[in-house]
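S.K.: Positions 20 to 1154 (my numbering) are the ones given, in order, by the sequence shown.
Beta carbons: idealized from backbone N, C-alpha and C, even for Gly.
All values reported here derive from a predicted model rather than from experimental measurement.
I'd like to ask you about the structure that follows.
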Amino acid sequence: MEAIAVGLVKDFVADSAKSLLGAIISRIGNEIALAWGLKADLRNLQQELRRVDALLLGADNVGPSENTFLDDWVRKVRAVAYQAEDVLDEHAYEVLKRKLALNIQQRGQLRRPKTTVRFFFSWSSNPAVFRIRMAHRVRSLKESIGQVYADANHLGIKPINVASGQSTYDGGATHDAIVEDPLGVRRERPDHQGLIGRDHDQAQIIDLVRDASNTDQLLSVVGVFGMAGLGKTSLCRRISQTEELKGYFDEQIWICVSHDFTVKQLLNDMVKQVDPKANAISSIEAGIKRLQDKLKGKKYVLVLDDVWDTLVQKWEPLRSSLQDIGGAKGTTILVTSRMRETIANLKTLNCDLKRGIMNDPCIYALGFLTKKDDVDFDERGNVESCKMHDVVHTLARVVSREEYLCLSLTKDESVNGVASEIRHLSLDSEPSLSMELGNNLRTLIASSASIPRMEFIMGSKCLRALSMVNVGLVELPDSIGELKQLRYLDISENNKIKVLPEGLTKLYNLQTLRVGYTTFSATFQDNFPKLPQGFTKLVNLRHLSAADTSTRIGIPANLGALTRLQTLPILDLCNDLGGKISELGTLNKLKGRLTIMGLENVEIEEANKVNLGTKGNIAMLGLSWADSPGRNKDEEDKDEKVLGALQPHSNLGALDIRGYPLQMLPQWVMEMTGYGGNPLSRLVSLRITGCGAIEQLPSLKNLVALRSLFIENCTRLISPPDLEQLTSLQELRLIKLSSLPSISSNGSLESCTSLRQLKLHNCYAMKNLPNITPLVNLRWLAIVNCTKMTCLPVGISNLPNLELLEIGPFSPELTTFPFPDDINLLSKSLRTLAIHAQGMDEAINLPNQIQHLLYLWHLDIHGLNCSEALQGWLGNLTSLTTLSLRRLPCDFPPSLPSLENLVALQSLEIECCKLTSLPNLKCFPSLNRLILVGLKSLRKIDEDNACQSSSSLHELVLGDCDGLEDLPDFSHLPNLKNLKIEGIRMTCWPAGISNLSKLSSLSISPLSPELHAFPFPNDANLLPTSLSRLALNAKGMNKVTSLPDQIQGIPDLKALAITGFKCLEALPEWLGDLTSLRLLCLGNLPLVKCLPVMKRLTELKCLYISHCTHLKELYGSTTGSEWSKIKHIADVEIY
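This is the structure we're talking about:
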């Protein structure tokens, strides 16, 4: 593995240098047209870099004895490429800056003469000064290139010969480096000799090419697509050299197409291949004439390798030119591309290489492909994220180690000696960093408590990506604008940042900005900082995102100027930031998810300007109205027209409509059509919730791709959905539809054979379900609180893949619980069963048929008489790992011998049952979680058979057991980690807690109201030293006026919650001495007027205060008189 990795590192360095150089050479051509007084310098630089590129291609011919020195030389070449990129980026930034300034002037915001003079003499703004600085940087770059030449000469590296036959090293005429091989490919020759496992793909492509060559068409096209690295080029090269293909055509021409090619350039390359001695063509017509001389009447194959979407845009003039050449019938173009859309848009035959390799079992055998379970898809089925195989991840780290460094050091360690080649730095600690290290950094990722000095960050002028997530930033400095090349900035989860500085608006290259923080209490823009006034200068911004995906922001004024925006947070029009919904009209590149809330505030003319129908890249559209009672007729008419104006593109993948207040939906919604009347045939998810007035659902007949249908809280809906055409439907949820009489309009589910989840909740009018035998793929069936049903659907026992079944309660008129006699047929698949009978006859017994489900893992019983089961057959379910018994109306027997057979049981929950004694926990060797809540009849926990010697128990909850007279000795639970005691009238500290050496979390809440002090051991040493989380709640204990002093003796307390101490007047000063504390929660302390000194709590990251009147006044905002005392804490929430 190490040997492979070393080889890969060398290849990675060389390949990265080649690709970077190629991109820069191509880019310089675009920059020349925009250069101010630097055209000659840039042209000369382009020639110099082409020579370096040719030397780099020729380095493969150097003998192995010089390999060590060669590796160093390649690294120097890569450094030169980075240096060249920095020069070009600085030039491009200045061009963009001037363009923006010109736009402002054209809008009438002309400078005053005084400002203009100052502008001229400014080092950063004067064009003459800038040209001098850039010329100096270009000269410095040329010196570095000269050193590369000298080292190459010393190592004996010769430039490769290009197709023209001229050397790029001796000052002769140059062209883009083209390797001299039979096909003249415009890049390094791929090695197809080692290509294995592609015989099927090869045969398929040959068949396609043969069929195309035998047609009567003058020009046929065959397309091959697949992700980069699959071997498209290598495979096509091997095919081109087969005798079979050579027999089909008189000539073969191979062109590697650049991303920004022109028709003239492509014809010129064709001319050079059929006539290597020909001069460059002067026009398209001249190229056609030259090619007519060589190819007229001949059948040839033209391979266009690695094309992009630009080919589609220039296809018509290219096709016309190729037809004018006059080749014979059967002339074929073979196109390879990484993009399926490129091939599809050309309307070609296509061979899906990606699918071929994915189906190859030998690839799976290598272990480099993960299961589908590790892949997340968006609404359109596109991959959003996937898990990288550990081996591939390790290999990637090894290969990139020369440029990437992850530091996990102690604070005393230094990294001043890190190599200057490091371009990407990730910090998990707070090391000492030299300013020199930042000179070449392109990526800096700092995690919590690892942020380097701000001087270091602002001195890293080459940064393209900066991530400072949850590092305790109080504000973003205005000097952030000096990082001119920044493309990605993430300052999320820093809740002290309330305003973004104006300096941010100088980051003209910024493409992604991620801000805000996650919270459970914020509304509107509370957790999203205020944007700077000149925010719309960020003309390259593509992604504006919030850390909390539920964050809602208003529409900023002039947002429409950011025409490259692709993603936005949730837009809430109840929050006025100066912009209207019409700002979205110019944002034609919006993609992914777009959610608009507060549509009751939108005017019709503004909605008409949004133009959602032209935005074909929006995958998910959410449209929402807030509940607004008392709206008049005009306002209701406006709501219908607003929704009508927001008709999306037919490419939409998911639609979510919430809170629409009217009975009738607009026409496009009812017909499910996009802009132009095209059906929403790509829609995979439809969700309609909170539309309480609608009585009829939209037509679903055209939604052939629909996979998820979710209808909730539409209480007047009486028209069932038409499911007949939904053959792709996988998930159907009908929730809180109290008037819906049936599940489908035709009373059948026969077409829903793909259905995996069916959930019916609170459908009170639904009396029965159709036969569900056709649902052979169903895995999850829930029929909950459908109180008019009297039986389960026919065919439930014939579902071979059913894993989860949740049913009840049903009609209160039933005297037995409806359960099929042949339920044992589900024994092999069913793993989870939940039965609810609350509201039904208390005499109804748990169905005996359950005892045949021998492979059941999870059983939840709610409201059923289980006397017979508890005394008998329940113990037969020996595979059970989770058992929950809630609100059982029966009296529990004195002993439960049946449960003693449940040796696999890991979790036991008994809630609100008539239980007088506990089963013997010794019978459950695997039990790690025990929850006992609301057991009013429980008087005592016998130490001899209950909580004794249960070595596996990790979590114990005892709550609201009013009759419990005493608690057991906990010392016999040696592995207990979490203990929660609430609502038990105990008067003293529980015995044995001090012996729980692994106890990390302890929660104690309302005890006896007669107590004057919270019960705690007199000696803090009697508290477990392992305790790190403590929660005390004194609700109802109105005589308690102080906190237990023993808390200060807990050595490693990290989280402390103090709530309900209504008579506590002051927090003790020793609270400020808990130096290990990271989280402090204070709640319902009405008399506490101030906090203790918090400066010593250096580890404190989170402070949450709720319902503390005085504390909210003093500390609740940045303008509070005591705010300065807590502003150093990273995460503060006071409400």
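For V320 versus T351, is the C-beta spacing smaller than 7 Å?
M.R.: The answer is yes: Cβ separation under 7 Å.
S.K.: Provide the residue(s) that pair with W273 in DSSP beta bridges, ordered along the chain.
M.R.: The partner list for W273 (beta bridge, DSSP) reads V322.
S.K.: Could you check if I676 is buried or exposed, using at least 16 other CB atoms within 10 Å of its CB as the buried criterion?
M.R.: Buried, because 16 or more other Cβ atoms sit within 10 Å of the Cβ of I676.
S.K.: Flag this pair as touching only if the region 457-471 and the region 519-527 have three or more C-beta atom pairs under 8 Å; answer yes or no.
M.R.: Counting Cβ pairs under 8 Å, fewer than three are found: no touch.
S.K.: With I929 as the anchor, note down where its beta strand (DSSP E) starts and where it stops.
M.R.: It spans 926-930 - the beta strand (DSSP E) in which I929 sits, taken as one unbroken run.
S.K.: Threshold first: 3 residues or longer. Then list the beta strand (DSSP E) segments lying entirely within the region 649-713, N to C.
M.R.: Runs of the beta strand (DSSP E) inside the region 649-713: 673-677, 704-708.
S.K.: Please list, in chain order, all residues of the same chain as I929 whose beta carbon is under 6 Å from its beta carbon, the five residues on each side excluded.
M.R.: Hits under 6 Å: L904, L951.
S.K.: For M683, count neighbouring C-beta atoms within 10 Å of its own C-beta (all shown protein chains included) and say buried if the count is 16 or more, exposed if not.
M.R.: By the 10 Å Cβ count, M683 comes out exposed.
S.K.: Going straight from the alpha carbon of I637 to that of N697, what length do you get?
M.R.: Each residue's alpha carbon lies about 16 Å from the other.
S.K.: Scan the region 457-497 and note each continuous alpha helix (DSSP H) run of 4 residues or more that stays entirely inside, going in chain order.
M.R.: Within the region 457-497, the complete alpha helix (DSSP H) runs of at least 4 residues are 473-478.
S.K.: Apart from the five residues on each side of it in sequence, which residues of its chain come closer than 7 Å, Cβ to Cβ, to A100?
M.R.: Correct list, in chain order: A36, L39, L40, I43.
S.K.: So the beta strand (DSSP E) R612 belongs to, where does it begin and stop?
M.R.: Element bounds for R612: 611-616.
S.K.: If we ignore side chains and look at the alpha-carbon of each, how far apart do L1106 and L992 end up?
M.R.: Spanning the two alpha carbons is a distance of roughly 39 Å.
S.K.: Check the DSSP bridge columns for E1152 and list the partner residues they point to.
M.R.: Y1123, per the DSSP bridge assignment.
S.K.: Mark A626 as exposed unless 16 or more other C-beta atoms lie within 10 angstroms of its C-beta, in which case mark it buried.
M.R.: Result: buried.
S.K.: Just the C-alpha distance for A98 and S163, rounded to the nearest angstrom, thanks.
M.R.: Spanning the two alpha carbons is a distance of roughly 9 Å.
S.K.: D840 bridges to which residues according to DSSP?
M.R.: BP columns for D840 are empty, so no partner.
S.K.: Taking Cβ positions, are L10 and V241 nearer each other than 7 Å?
M.R.: Residue 10 cannot be examined here, being either before or after the span of the chain that is shown, 20 to 1154.
S.K.: Report back the beta-carbon spacing between S1045 and S1024 to the nearest angstrom; my notes put them in contact at under 8 Å.
M.R.: Between S1024 and S1045 the Cβ distance is about 21 Å, and since that is not below 8 Å, they are no contact.
S.K.: Roughly how far, in whole angstroms, is the beta-carbon of L505 from the beta-carbon of L550, given that I think they are within contact range, below 8 Å?
M.R.: Not a contact, Cβ separation roughly 17 Å.
S.K.: Could you have a look at V621 and say whether DSSP puts it in helix, strand or coil?
M.R.: Looking at V621 - three-state DSSP - the assignment turns out to be coil, as it is neither helix nor strand.
S.K.: Have a look at I476 and T570 and give me their C-alpha separation to the nearest angstrom.
M.R.: Going from the Cα of I476 to the Cα of T570 covers about 29 Å.
S.K.: M454: buried (16+ other C-beta within 10 angstroms of its C-beta) or exposed?
M.R.: Classification for M454: exposed.
S.K.: Could you give the C-beta distance for L975 and L995, rounded to a whole number, given that I count them as a contact under 8 Å?
M.R.: Contact flag correct, Cβ pair sits at about 6 Å.
S.K.: List the residues that DSSP assigns as beta-bridge partners of K999.
M.R.: BP columns for K999 point to V976, S1022.
S.K.: So, does the region 858-870 touch the region 807-820, judging by three or more C-beta pairs under 8 Å?
M.R.: No, they do not touch.
S.K.: Can you tell me the Cα-Cα spacing of G1002 and G978, whole angstroms?
M.R.: Distance between the alpha carbons of G1002 and G978: 5 Å.
S.K.: Alpha carbons only, please: which of T586, I225, K1054, R775 is nearest the one belonging to H1031?
M.R.: Comparing Cα-Cα distances from H1031 to each of T586, I225, K1054, R775, the minimum goes to K1054.
S.K.: Using 10 angstroms around the beta-carbon of G306, count the other beta-carbons present and answer buried if the total reaches 16, otherwise exposed.
M.R.: It is buried - the Cβ of G306 has at least 16 other Cβ atoms within 10 Å.
S.K.: Measure the alpha-carbon distance for L107 versus C1100 and round it to whole angstroms.
M.R.: Approximately 52 Å between the Cα atoms of the pair.
S.K.: Alpha carbon to alpha carbon, what distance is there between T537 and D985?
M.R.: So the two alpha carbons sit approximately 42 Å from each other.
S.K.: Using the C-alpha atoms, what's the distance from A169 back to I151?
M.R.: Going by the C-alpha atoms only, they are around 27 Å apart.
S.K.: Report the CB separation of E1088 from P1111 in whole angstroms; it is logged as a contact under 8 Å.
M.R.: The pair is a contact, with the Cβ atoms about 5 Å apart (cut-off 8 Å).
S.K.: Pull up the distance between the alpha-carbon of S830 and that of Q857, whole angstroms please.
M.R.: Spanning the two alpha carbons is a distance of roughly 11 Å.
S.K.: Given this structure, state the Cα-to-Cα distance separating C980 from S1095, to the nearest angstrom.
M.R.: One C-alpha to the other measures close to 34 Å.
S.K.: Along the chain, where does the beta strand (DSSP E) containing H881 start, and where does it finish?
M.R.: From DSSP, the beta strand (DSSP E) with H881 extends over 877-881.
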